[in-house]
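Remarks on the structure that follows.
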Amino acid sequence: MATFISNSPAETEALGRQHAEKLRPGSVLALAGELGSGKTVYVKGIAAGLGCQVEVTSPTFTIVHEYPGGMLPVYHFDFFRVENPEAFTRIGLDDYLFGDGVSVIEWADRFPDLLPEKTQWLRFEIQSGNRRAITFDETRFQRNRPPAAEHRRPPA
1 MATFISNSPA ETEALGRQHA EKLRPGSVLA LAGELGSGKT VYVKGIAAGL
51 GCQVEVTSPT FTIVHEYPGG MLPVYHFDFF RVENPEAFTR IGLDDYLFGD
101 GVSVIEWADR FPDLLPEKTQ WLRFEIQSGN RRAITFDETR FQRNRPPAAE
151 HRRPPA
């Protein structure tokens, strides 16, 4: 577990850019934290770091935005307004999570059992003003997951 402090949106975006350098096809990032804590700004950094030249906005009302055109496509999800996990079946969530892009999920803590074991968890906390603490903890929610959810991808 590691915690980074950001003192501005620009620093949060820069941290996302740095993280993008380590991402590979099939990477899954789960972002958790209160409203306004910097999750979407971080995703902007990831998309920019992967060379996606698009405007990044929160997909609150559409569930997912796709950002193609970079080294890897970015699939940006928002679980905030989703009431029922069956919505993810309709959009083919597993196809994204096990595809050739990077999946980044805001409000992922609403449905942690939908995510694969390989998920990297990040917690965003508002400390004051523009100051944010961003904690990387790949096992944060995994240890409470029931064994049956360890992953469900059927063999090809």
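In this note's numbering, the protein residues as written are 1 to 156. Think of the CB as a built atom: it goes at the ideal place given N, C-alpha and C, for glycine as much as any other residue.
Residue environment, K118, which counts as buried when at least 16 other CB atoms sit within 10 Å: Here residue 118 refers to the residue found at position 118 of the sequence shown. Exposed.
How should G45 be labelled, buried or exposed, when 16 other C-beta atoms within 10 angstroms of its C-beta is the threshold for buried? Mapped onto the sequence shown, residue 45 falls at position 45. It counts as buried.
Buried versus exposed, by CB contacts within 10 Å (16 or more), F61: As a first step, residue 61 must be located in the sequence shown, where it is residue number 61. Answer is exposed; the Cβ neighbour count stays below 16.
Which same chain residues end up closer than 7 angstroms to I91 when comparing Cβ atoms and leaving out the 5 residues on each side of it in sequence? For the purposes of this step, residue 91 is identified with residue 91 of the sequence shown, where counting begins at 1. Hits under 7 angstroms: I63 and V64.
If you reduce the DSSP assignment to three classes, tell me which class L15 lands in. Against the sequence shown, residue 15 aligns to sequence position 15. L15: helix per DSSP, three-state reduction.
Exposed or buried, which one is T40 when buried takes at least 16 other CB atoms within 10 Å? In the sequence shown, residue 40 corresponds to position 40, counting from 1. By the neighbour-count criterion, in which 16 or more other beta carbons inside 10 Å mark a residue as buried, T40 falls on the buried side.
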